[in-house]
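Here the structure is laid out as structure tokens; the discussion comes afterwards.
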DNA sequence: GATGATAATATGTCTATACATATTATTTCT
DNA sequence: AGAAATAATATGTATAGACATATTATCATC
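Chains as they are written, first to last, in our numbering: chain C, 111 to 343; chain V, 111 to 343.
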């Protein structure tokens, strides 16, 4: 039997998904064990294992040693969002990206920010205010703090050329992050920066990036009206 | 050599992540091939393969046959968001969930909705307006269309008890979805439903759920002020 | 030099087998 | 009966070896 003819873990995966979807295997139910399925599909147990692991990763199966694999009742579907770099996002729309650093200062943050950065009182950090533009129009206004205790090189960097975001991606990549999304009415200051009317609803994101439990940067972004975040499950 | 002593694909995975993080393997660079790594770690190639596949899944490596594995320069970070059921979300905050169906009608949708549901002109669909509440206070207002051509049972269902969302999860589980998130100023109608002032910034989500390329439901949700969507990368 | 055939190579997948480990079921002992 | 020890079981992981497949590099040909 040529190996790709009948089996292949992906075909088994689709078959499993199909049986779950059509409710041949009902929510809450235990499915046959790997050995039985391997026999049915005429393949090795490892192949079934690979397929079932993939389905479990997708959040549709609960797999337990000795207990077996069970179809989950209310699958907590997990959505993938990729967090693009603003420049790329804007360029992907066919618009020209540019940015302007409106403020840059090494200073002692307020108590709240100290906590968010996880640094001691009396320590300084780099504060940056940046306006991101698409075709010259305000796209997003950014307020960022960079932990210069952890990343001292940041203090001597000029962010006029390369944006702080891209600089960080290049100089402190592969980090963890917490994100939050919300809506708010533009304050007078935000309205002025984004050249919109005060009170207009704007989409906000905040991001806290860490590496080895050290906070690297904390950013707030306010997007110009019309912004939409898309994702698929 | 006992198998769990030295190796294990997870240990190899951490080591690989560590080498990427510390830039021993720099962005853009080609890493040693599986056979070489297997030798270095003293394990089978399959074990290295498993580890590298996991790192690639996490979005840090680009793996190509013959070409080898390369550290990605700008890792497109992928965030996991789980889309909870509103009831669970509210209950998780320790608040009491309740909902009220304000409108329910089988009718011919407007052209725009027809398109979104992917159904023919002249066809009817079920329109539902629901208010979700936490501790009796408005939490989110929902406008939903259900494709009764694909899910005829929905037409005869009473959504006063079980919310449409939960009914759908139970009756048409394991679907695909597209989500969007944005901010807007509350219209007069929205403000009235959510008992807030007109113009207040509210967080919106829309969701289109499909199964086998058939649209099952299309939902818009407006959240009461203060709502925040969280996720981690 | 361009083109097309051919070889070389790294990853992708499968098999069979073995042992590990978590968890449940059963038996034994008190 | 209840607790503790033991067996049974399904998944988890590792191994060596084989073949598949995509892609690159090389070489022959015109």
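Every residue gets a Cβ at the ideal spot worked out from N, C-alpha and C, and that includes glycine.
Keep in mind it's a predicted model, so treat the numbers as computed, not measured.
Do you know how far the Cα of residue j is from the Cα of residue i?
i, j, result
"residue 273 of chain V", "residue 255 of chain V", "13 angstroms"
"residue 206 of chain C", "residue 261 of chain C", "30 angstroms"
"residue 299 of chain V", "residue 214 of chain V", "17 angstroms"
"residue 293 of chain V", "residue 312 of chain C", "6 angstroms"
"residue 319 of chain C", "residue 235 of chain V", "45 angstroms"
"residue 295 of chain V", "residue 308 of chain C", "12 angstroms"
"residue 239 of chain C", "residue 195 of chain C", "17 angstroms"
"residue 326 of chain C", "residue 228 of chain C", "9 angstroms"
"residue 281 of chain V", "residue 197 of chain V", "17 angstroms"
"residue 175 of chain C", "residue 231 of chain V", "52 angstroms"
"residue 134 of chain V", "residue 191 of chain C", "28 angstroms"
"residue 212 of chain C", "residue 304 of chain C", "13 angstroms"
"residue 208 of chain C", "residue 271 of chain C", "9 angstroms"
"residue 129 of chain V", "residue 276 of chain V", "45 angstroms"
"residue 201 of chain C", "residue 151 of chain C", "48 angstroms"
"residue 181 of chain V", "residue 286 of chain C", "17 angstroms"
"residue 316 of chain V", "residue 153 of chain V", "48 angstroms"
"residue 338 of chain C", "residue 291 of chain V", "6 angstroms"
"residue 131 of chain C", "residue 156 of chain C", "23 angstroms"
"residue 259 of chain V", "residue 218 of chain V", "12 angstroms"
"residue 142 of chain V", "residue 162 of chain V", "11 angstroms"
"residue 264 of chain C", "residue 193 of chain V", "37 angstroms"
"residue 139 of chain C", "residue 330 of chain C", "45 angstroms"
"residue 237 of chain V", "residue 183 of chain C", "26 angstroms"
"residue 126 of chain V", "residue 321 of chain C", "16 angstroms"
"residue 203 of chain C", "residue 204 of chain V", "42 angstroms"
"residue 268 of chain V", "residue 257 of chain V", "16 angstroms"
"residue 115 of chain V", "residue 159 of chain V", "Model confidence at residue 115 of chain V stands at a pLDDT of 39, short of 50, so the residue's coordinates are unreliable; what they give is reported in the following sentence. Approximately 19 angstroms between the Cα atoms of the pair."
"residue 220 of chain C", "residue 136 of chain V", "36 angstroms"
"residue 124 of chain V", "residue 266 of chain C", "32 angstroms"
"residue 340 of chain V", "residue 233 of chain C", "29 angstroms"
"residue 199 of chain V", "residue 250 of chain V", "12 angstroms"
"residue 118 of chain V", "residue 164 of chain V", "13 angstroms"
"residue 173 of chain C", "residue 121 of chain C", "20 angstroms"
"residue 216 of chain V", "residue 306 of chain C", "41 angstroms"
"residue 226 of chain C", "residue 225 of chain V", "45 angstroms"
"residue 177 of chain V", "residue 323 of chain C", "35 angstroms"
"residue 56 of chain C", "residue 223 of chain V", "Absent from the model: residue 56 of chain C. The displayed extent of chain C is 111 to 343, so no value can be given."
What in chain V is Cβ-close to residue i, meaning under 8 angstroms?
i, result
"residue 337 of chain C", "292 and 293"
Let's test the definition: count the other Cβ atoms within 10 Å of the Cβ of residue i and tell me whether it reaches 16, buried, or not, exposed.
i, result
"residue 145 of chain V", "exposed"
"residue 328 of chain V", "buried"
"residue 333 of chain C", "buried"
"residue 148 of chain C", "buried"
"residue 242 of chain V", "buried"
"residue 302 of chain V", "exposed"
"residue 179 of chain V", "buried"
"residue 278 of chain C", "buried"
"residue 342 of chain V", "exposed"
"residue 297 of chain V", "exposed"
"residue 310 of chain V", "buried"
"residue 253 of chain V", "buried"
"residue 289 of chain C", "buried"
So is the beta-carbon of residue i under 7 angstroms away from any non-hydrogen atom of the ligand ZN?
i, result
"residue 343 of chain C", "Of the ligands one can find in the structure shown there are none, so the ligand ZN has no counterpart to examine."
Taking residue i as the query, report the chain C residues whose CB atoms sit under 7 angstroms from its CB, ordered along the chain.
i, result
"residue 309 of chain V", "309"
"residue 313 of chain V", "292 and 293"
Can you list the residues of chain V that residue i reaches, using a CB-CB cut of under 9 angstroms?
i, result
"residue 288 of chain C", "340, 341, 342 and 343"
Examine the Cβ distances between the region 164-176 of chain C and the region 233-252 of chain C and report whether three or more of them are shorter than 8 angstroms. no
Segments assigned alpha helix (DSSP H), at least 4 residues, entirely inside the region 125-154 of chain V: Segments of the alpha helix (DSSP H) lying fully in the region 125-154 of chain V: 144-151.
Would you list, in sequence order, the uninterrupted alpha helix (DSSP H) runs of no fewer than 4 residues that lie entirely inside the region 175-231 of chain C? 196-202 and 221-227
Whole alpha helix (DSSP H) elements within the region 220-307 of chain V, 4-residue minimum: 221-227, 274-281 and 298-304
Note down, one range per segment and in chain order, each beta strand (DSSP E) of at least 3 residues found wholly within the region 302-343 of chain V. 311-321, 324-333 and 338-342
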